[in-house]
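First comes the structure, then the notes that go with it.
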């Protein structure tokens, strides 16, 4: 009968822990049967190890394999793609544990475990995830060390120490590879669609949509400014504009007859006139320079302050100053923006089709609002006066800012303006834009985020609860001007952010934010964690092709392949040399003693005088060598030998400095005697 | 130490021309270790054992090992005494101060094992009762080279129980001539006068343990041990027990030369006798040459 490989018991613990740890993230995310499968395998394996059960035969293994593949197909509808593939790999990893027949199988299992660890990082990517995966690697490496240790009495802990040393030694190599290995697009941008929920703004706005976002304190994006950040009341992060209203819902629209390329410039081909005029208006105005690091949103729109200029790499600028990514943002995305408010002046003409869209209203409905607007239109000739009239209206009537507005139905604008008068930013933005259009002022709703918190004075965190909607109106001579009707009702919303506004209003919705305002310590802790996460995003996940090239340029003075290749080789060589030197030096566990040095001083001095003693010579042999060759020096040699033996083999304590000096004197006397 | 010199001279008067081996044998006894003498028959092994027993005035017994021997033939046996109606132990030949185990490799492993166990434990357990062996207790075993027919090779684990292994070898022509002229030396050995009594031997053994070995010297011994372990011509390196034995033997050698501290030369003198029988070569070849070459390659003073 063939011998079945037995994992040494001191390695088994680590292997089992490593398997469970590496599989756990998938088990938490995937279908329940995967956890059941792993438990089954672990139990079975334990019984095999105790020799209560035989190893499964070929038929049983085949049946398990078919069942696993079928279950994966049933759960995911396919076998390829990141989710299904990872699930399948993780299950097969568990199954492999069942068929350990030879030591080779154990190697395959552990290497597969490393691969499963790598798949974890497809789905989880914070510093926490990296730490967790490092832990898994430690366990797997410990088991790898364990199965290579034949001594049955090996200590478990010793494997972990070995593994930690190995991983520590691998770390500099990993850093070098991280910096130098080129990012290959298909590997570094695996699409992970579908599985993740879309968060943030949607492409339509109806009452209640933005306020639902405020229940989430999830991060939307972070901004790192070069230079001072703008004051809070200027932090309007534009994401979308809504130009079409059907009576209840605002949505994005293009002017009639226009096509995509009329409104979006992706940086390819000739720049359209509107873009050129924006550039011209920008001139060399300072504005704000910053880098946005966006969380995956599964949407294409990007957020920026008004009028954003970028390198248009992988994104385009829309005519209404929105940034639109070429693909939905499915991994953390960093982009640099230069926002110049003064560039608004570059858009001072409104084409007819555009004007028509910005004034369009549904056929009927909301008669009272229309009547009010009509009254302003007749009363004021000037558009800005009409805007002020509307803002004054919001300010003077008893409007109330709340996260829990009463439900509206039918003519929602009328119901809000003249009935409930309680609402959230989208109610104000929607009603204001409606009034403006009815009063003949071109207007649109803008959605995005407003405000954000500075963390450690280094970067701004913008969270989902900072979601906001406001309006922009067209004023001849000024172009599009931002108007925030919410600010007219609740100025603190703009100045202090949502949390401040709600605290001041005494609104019970503070609880909706997880009550974080009430626990300063917890808040502080969360800020720290976020700080860590930010730097991780910035330096590790955000390290993509462009930064890599910039770093190469700075470190290597160029990005040509041979330069990078050479740098890689040199780094590896340096690494190997350092490791080698360390291994060699470490062999000398204790430094050589002064006495030993003295001995070899004489040995070398004799060798220079053609009295070469073997490397393994003792003091007596040295003396005998001298006596044989130069009988005249025999006495001096005897003196030296006597003292050396006295100090080395007779003394209770290591020799004192004076004794060593005496020995050196006898050595010199011996050498003098040789000269005679 | 005069007494030791005298003892050496006494033994030397019956085992001619083998001073180096006699000193090793004496050092082995001073170190409290058992001695294995490997030689062809008729080389004076028995005479040596006899002489050693005489000069230290030790009880002496000799057992000729044969293949049909049982453990009881060495250790003793419980017999029922009809008068006292009780079992009493009839002690075997092992209950003596110096046991000459002649041709130990003729006995079956079982019998060899019984003796070697007694050597290690310095006690014998029979029928549940444990009896201590006399103090001092030495075994001088002789062995024919294993190529001879009808022998059972002693396994390494048991060879380890012997502190030293020596072989006397053929005498030089002059000595042989003297032998032929001189008559029966075994009779002469029996007539040797004691020089040191057993209690004196015990004192000397205690003295050996006090001979100073400095860190420098211990380092040297350790380097030697490590060298045997790193040498891939050898099956396995020396055990820590072998290392302790080496140190003890070196101390005894130093004492034999009237020094109360160990020199590297002492270690080198006992090295082959202590190390050789515990090592096995991996691909054939002479272990003796390998142990000697190790001694040449390991630096006495680290550099």
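Chains as they are written, first to last, in the working numbering: chain A, 8 to 683; chain B, 24 to 326.
Cβ coordinates follow ideal geometry from the N, Cα and C atoms, glycine included.
{"Item": "Delimiting residues of the alpha helix (DSSP H) encompassing residue 142/B", "Value": "132 to 144"}
{"Item": "Beta-carbon spacing of residue 107/A, residue 571/A below 8 angstroms", "Value": "no"}
{"Item": "Any chain B beta carbon closer than 8 angstroms to residue 598/A", "Value": "no"}
{"Item": "Test item: CB-CB of residue 626/A and residue 648/A under 8 angstroms", "Value": "yes"}
{"Item": "At least three beta-carbon pairs within less than 8 angstroms, the segment 152 to 163 of chain B to the segment 218 to 231 of chain B", "Value": "yes"}
{"Item": "Alpha-carbon to alpha-carbon, residue 464/A and residue 534/A", "Value": "11 angstroms"}
{"Item": "Residues bridged to residue 99/B (per DSSP)", "Value": "114/B"}
{"Item": "Residue environment, residue 192/B, which counts as buried when at least 16 other CB atoms sit within 10 Å", "Value": "exposed"}
{"Item": "Proximal residues, the segment 625 to 644 of chain A versus chain B, C-beta separation under 7 angstroms", "Value": "625 and 627"}
{"Item": "Cutoff 8 angstroms: residue 231/B Cβ touching any chain A Cβ", "Value": "no"}
{"Item": "Rounded distance between the beta-carbons of residue 99/B and residue 114/B, thought under 8 angstroms", "Value": "4 angstroms"}
{"Item": "For residue 44/A and residue 101/A, believed in contact at Cβ under 8 angstroms, the rounded distance", "Value": "6 angstroms"}
{"Item": "Member of 618/A, 254/A, 652/A and 655/A whose CA lies at the smallest distance from the CA of residue 637/A", "Value": "618/A"}
{"Item": "Limits of the beta strand (DSSP E) - the one that residue 544/A falls within", "Value": "Looking at the DSSP string, residue 544/A is not in any beta strand (DSSP E), and its letter there is neither H nor E."}
{"Item": "Within-8 angstroms CB hit, residue 656/A to chain B", "Value": "yes"}
{"Item": "Neighbour list for residue 652/A in chain B, Cβ cutoff strictly below 7 angstroms", "Value": "286"}
{"Item": "Which of helix, strand or coil DSSP assigns to residue 108/B", "Value": "coil"}
{"Item": "Beta-carbon spacing of residue 276/B, residue 50/B below 8 angstroms", "Value": "yes"}
{"Item": "Under 8 angstroms between C-beta atoms of residue 315/A and residue 339/A", "Value": "no"}
{"Item": "Under the three-state DSSP convention, the category residue 221/B falls into", "Value": "helix"}
{"Item": "Distance between beta carbons of residue 167/A and residue 145/A, contact taken as under 8 angstroms", "Value": "7 angstroms"}
{"Item": "Supposed contact pair residue 380/A and residue 442/A - C-beta distance, whole angstroms, cut 8 angstroms", "Value": "5 angstroms"}
{"Item": "With 16 other Cβ atoms within 10 Å as the buried cut-off, status of residue 185/A", "Value": "exposed"}
{"Item": "Cβ-based contacts, 9 angstroms cut-off: residues of the segment 209 to 236 of chain B near chain A", "Value": "235 and 236"}
{"Item": "Residue-level contact to chain A via CB, residue 319/B, 8 angstroms cutoff", "Value": "yes"}
{"Item": "Buried versus exposed call for residue 639/A [16 or more other C-beta atoms within 10 Å across all chains shown]", "Value": "exposed"}
{"Item": "For residue 484/A, the three-state DSSP class (helix, strand or coil)", "Value": "coil"}
{"Item": "Residue 325/A versus residue 267/A: straight-line alpha-carbon distance, rounded", "Value": "9 angstroms"}
{"Item": "Distance, residue 119/A Cα to residue 27/A Cα", "Value": "13 angstroms"}
{"Item": "Closest by C-alpha distance to residue 653/A, when choosing among 282/B, 75/B, 164/B and 303/B", "Value": "282/B"}
{"Item": "Boundaries (first-last residue) of the alpha helix (DSSP H) holding residue 608/A", "Value": "601 to 615"}
{"Item": "Residue 84/A, DSSP secondary structure in three states", "Value": "coil"}
{"Item": "Residue-level contact to chain B via CB, residue 38/A, 8 angstroms cutoff", "Value": "no"}
{"Item": "Chain A contact for residue 300/B (CB, 8 angstroms cutoff)", "Value": "no"}
{"Item": "Buried or exposed (CB count within 10 angstroms, at least 16 for buried), residue 328/A", "Value": "buried"}
{"Item": "8 angstroms Cβ cutoff, residue 297/B in contact with chain A", "Value": "no"}
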